[in-house]
Amino acid sequence: MSDSVLVIGGGIAGIQASIDLANMGFQVYLVERSPSIGGRMAQLDKTFPTNDCAMCILAPKMIECYRHRNIRVLSYSEVAAVAGELGNFEVEILKKPGYVDETKCTGCGECAQVCPVELKNEFDQGIGNRKAIYKPFAQAIPNIYVIDKRGTAPCKAACPVGLDIQGYIALISQGKFKEAFHLIRQKLILPATIGRVCTHPCETECNRGKVDEPLAIAALKRFVADYELDTRTEEIAPAPRTQDARVAVVGSGPAGLTAANDLVLMGYEVTIFEALPVPGGMLAVGIPDYRLPKEMLKREIEDIKRLGVEIRLNSPVGKNGLTLDDLWKEGYKAIFIAVGAHKSANLDIPGEDFEGVYHGVSFLKDVNLGKKVAPGEKIAVVGGGNVAIDAARTALRLGSREVTIVYRRSRREMPANEEEIVEAEHEGIKIQYLVTPVRILGEDGRVSGMECIKMELGAPDASGRRRPIAIEGSQFTIDVDTVILAIGQSPDLALLPEDSRFQVSPRGTLVVDDKSLATSMPRVFAGGDAVLGPATVVQAIAAGHRAAIAIDSYLRDEMIPPEQEPLPITTIEDVDLRGKEKKNRVAMPTVAPEERLTDFREVNLGLSAEMAIEEAKRCLNCGVCSGCRECEKVCQAKAINHEMKEEFLRLNVGAIILATGFDFYDVLKLGEYGYGRIANVITAIEYERLTSASGPTYGELKRPSDGKIPSNIAFIQCVGSRDFKNMPYCSSVCCMHATKEAILAYEHHPGTKSTIFYMDLRAVGKRFQEYVTRAKEEYNVTYIRSRPGRIDLNAADGNPIIWYEDTTTGETKTFEAELVILSQALVPSKGIEELAGILGISLDKYGFAEIPDKLLSPLDTTRPGIFACGYAHSPRDIPDSVVQGSAAADRAAEATTARTPSFVAGGV
Ligand code: FAD
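Printed below as a string of structure tokens:
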């Protein structure tokens, strides 16, 4: 026989049972699923019929319970499994991660002060707000904070670098632009650049897009990055060199720059070898200035150089320069190949050799490097990706009159960014879909036209897109003098020694190990477009990070650290949309098409600080905790631990007491009462929080619609209870509860008139009838025996109008109040069915514990050794719950020790 007892539920019944058992000498484990014990009683302002302050009675008991040497309170925990039998139960407890070390947290609350995420406070029934790091109420016990992490926001899950997007957006919404910048910069080395050119898969997945429009995530990133660059005062200091090894990086695109940045921060000496006269890869020589001003890119690359990364320009590795062998000889211990995909694909159609045929990336490279490029008047660009759109818009800026893009699939399949396609159309570029060239026509060796054929879409191909099929006989000719081919690229792997053992894919890309990015050559790693083929900047950055971690692990002869398992992705159904109004995204100002085509000035002008804050406030905070880590910065006790994992504890106990209390019936289901539709119809527990000094209004009784102090309040009883269509039983406490609330209204504002609409008045406790009489005689409370059927709104003043049947006369009447309080049914606590399954006990048809022998064993559930008390047992008030908690303690003691009830102190 174990002399331990498990009590499930830290409300007043569970607390009482625990204290009694602990005083008898039992070891008690009190498991509470929320962060604090106290239960529903902690939410109450006063208790009937004495009108004592609920917290004044409860708090000493909570403290006694928590400090008792025989009680171990396991808050934020749940029962996961139960095996065994009376006297010897094996219990598994799941301790949920609160991400705050209980042994260190002092409860000071500095963390909550700086947390930028606000959400509805469950403790205040959603009337007030709390932060993502919180304790439920001021007197919470244990006095520690927890972080509410509900899951991974879909934006973060979609981002190849796993950027804490919700975090920086939350910081922007608070005007904390610098903090937002530093959060971004931890995972993204070129935020101003990425803010301009990212393909933003995060926006595609943004849950807000299911409400109205996705957040303008890239624009927000750009805003903080530009802001920081413009207002920066502190110098970037070189990272200290702590490692002996040197690393060579080949290529200074986003992949190479990221790996170099990370490795330098890890303490290595890093040199980037770049073939071109400028650093930045495709960011510098592919993407045109009107999308990404080179000055901006240069400033961001300067930051990386300041950290200590050396970039050697005009230094190709390969046939025309240093070889990989030379790099080994120079003493580099690892090499990261990040040479991108710069070799253009050919169409293999007649006429590709004519003068006037360009390849997209070389055309853009020449323009970006300042070479003189003069395309003709009428241009056809072949392709549907970003290169095609950039080449077309660049040609317009170079003076071409007519630019047409021909793409072999439809708009739906076009891989270019949607915004880019739209801007291209605004600038007058025509796009011909489902068309492909079959021949380039020429005269005197120069392009004179392009013969095309129409296509239709067949079954999906390997890329998942529908395969284009030529329509026989549909050829036609376009009148053009220049053709730009932008149909794909592959890496130029001329740098590899001819006899090398590098594995190359059929697409011409380097083959690497998925996890380590190691090539088939020892000590050589590769990533970015060189491995993926033409992809995106953010994917290249992600590869750079992974390569740095892998190279570091290799050089230190360690395993690559495992990645943290992300929490499940939150869907729109998981998000609390209360109070979120529909609002489209803030539009970024742009230069008008007629002005912008005269040169390469930047088209998108960025958001102002006000616009950024307004846009950031649209965020739905899907993951709740945003991952901004501001709490970590201010916690002097160093208690925050974002990497905390759930834990399982195994206990051996002799008996179990179920004291899981109640929840509130969802009155939204009862549309006739107007809850959720009429602002001044609220529930009894909401009213309780409004009158409580610790509530969101500090006890000021104001009605929701206009903050007016109501002088005429109506209470409707049995909302959902004693109703065969909903909960047929009596919730047991509402008649007294409403009477108490009416008395409180009068005490707050003497003269307040309260009217209680009841079915029949149940005042069957000690001094309850006297309490009702006092309410009538001293507190201006009227009781109307009735059945309310509907509540309408008086639109002129926001007053609810109650339609009811006077059950004493049968007449239908109306009553206008300034505030209506619904006494909603109380139901067994959420999750009781699952818990009952774990405990192996039966519930009655309403979800209360099934008690087979109510007369002789009134607390015994269907499984020997498991006892029920409080509201989990059946509807009852506080005094009854306390008595039953003590009784359950006795019963557990008796059952585990086989002692008689009379022997045990404080018997039933
Ligand atoms: P790169 O950026 O190509 O860098 C590779 C570098 O290696 C280059 O500087 C190259 O000169 C150097 N190098 C090559 N061989 C050698 C050698 N042997 N020795 C030394 N150095 C060498 N992506 C987006 O996300 N959004 C966009 O809007 C977008 N628009 C694009 C528009 C165009 C026109 C193009 C071409 C690409 C665009 N991309 C876009 C794709 C994006 O630019 C690439 O995915 C990304 O730059 C790949 O990064 P990387 O570091 O792997 O390669």
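Residue numbering for the sequence shown follows the working numbering, starting at 12 and increasing by one per position.
Virtual Cβ for every residue (Gly too), placed ideally from N, Cα, C.
Backbone secondary structure at residue i - three-state DSSP
i    : result
K656 : coil
R404 : helix
M532 : coil
I584 : One point to set straight first is that residue 584 is Glu, not Ile, in the sequence displayed. Residue state, collapsed to three classes: helix.
A91  : strand
L772 : coil
K787 : helix
I862 : coil
E438 : coil
Y757 : helix
I19  : strand
Q895 : helix
D63  : strand
M425 : coil
G220 : helix
Q647 : coil
T488 : strand
K764 : strand
T908 : helix
G800 : strand
R302 : coil
N723 : strand
G617 : coil
Counted within 10 angstroms of its Cβ, other Cβ atoms place residue i as buried (16 or more) or exposed
i    : result
Y857 : exposed
D31  : buried
P508 : exposed
S619 : exposed
K649 : exposed
V522 : exposed
G264 : buried
H370 : buried
S913 : With a pLDDT of 43 at S913, under the threshold of 50, the predicted position of this residue should be treated as unreliable, though the coordinate-derived value follows. Exposed, by the Cβ-count rule.
V915 : For V915, the pLDDT reaches just 42, beneath the cut-off of 50, and the residue's location in the model is therefore unreliable, although a value from the coordinates is still provided. Per the 10 Å Cβ criterion, buried.
T907 : buried
D255 : exposed
F659 : exposed
C126 : buried
N325 : exposed
A603 : exposed
C12  : In the sequence as displayed, the identity of residue 12 is Met instead of Cys. Exposed: under 16 other Cβ atoms inside 10 Å.
A435 : buried
A806 : exposed
R419 : buried
L833 : buried
E606 : exposed
I348 : buried
T766 : buried
P811 : buried
A879 : buried
E641 : buried
Rounded Cβ spacing between residue i and residue j (contact assumed at less than 8 angstroms)
i    : j    : result
T750 : Y782 : 6 angstroms
I724 : A828 : 6 angstroms
I495 : V392 : 5 angstroms
I696 : P715 : Their Cβ separation, rounded to whole angstroms, is 14 angstroms, which puts I696 and P715 out of contact at 8 angstroms.
Near ligand 3: residue i beta-carbon under 7 angstroms from a heavy atom
i    : result
P171 : Here the bound small molecules are ligand 1; ligand 3 is not part of this structure.
Below-8 angstroms beta-carbon distance, residue i vs any chain D residue
i    : result
R450 : Of the protein chains in this structure there is only one, and it is not chain D.
Length at least 4, wholly inside the region 653-718: the alpha helix (DSSP H) runs in chain order: Those alpha helix (DSSP H) runs which fall completely within the region 653-718 and span 4+ residues are 695-702.
Let me know the beta strand (DSSP E) ranges lying completely inside the region 456-486, each 3 residues or longer, listed in chain order. The region 456-486 contains, as complete beta strand (DSSP E) runs of 3+ residues, the segments 457-471, 477-481 (chain order).
Whole runs of the alpha helix (DSSP H) within the region 96-184, excluding any shorter than 4 residues: As far as the region 96-184 is concerned, its whole alpha helix (DSSP H) runs of at least 4 residues are 121-125, 165-169, 176-184.
Considering only residues of the region 233-294, which uninterrupted alpha helix (DSSP H) runs meet the minimum length of 4 residues and lie entirely inside it, listed in chain order? Listed in chain order, the alpha helix (DSSP H) elements of length 4 or more contained wholly in the region 233-294 are 265-276.
Can you list, in chain order, the stretches of the alpha helix (DSSP H) that have 4 or more residues and sit fully within the region 342-396? Within the region 342-396, the complete alpha helix (DSSP H) runs of at least 4 residues fall at 371-379.
List in chain order: all unbroken alpha helix (DSSP H) runs of 4+ residues lying wholly within the region 806-881. Complete alpha helix (DSSP H) runs here, min 4: 843-850.
Please go through the region 186-214 and give each complete alpha helix (DSSP H) segment of 4 or more residues, from N-terminal end onward. List check, alpha helix (DSSP H) in window: 188-196, 202-208.
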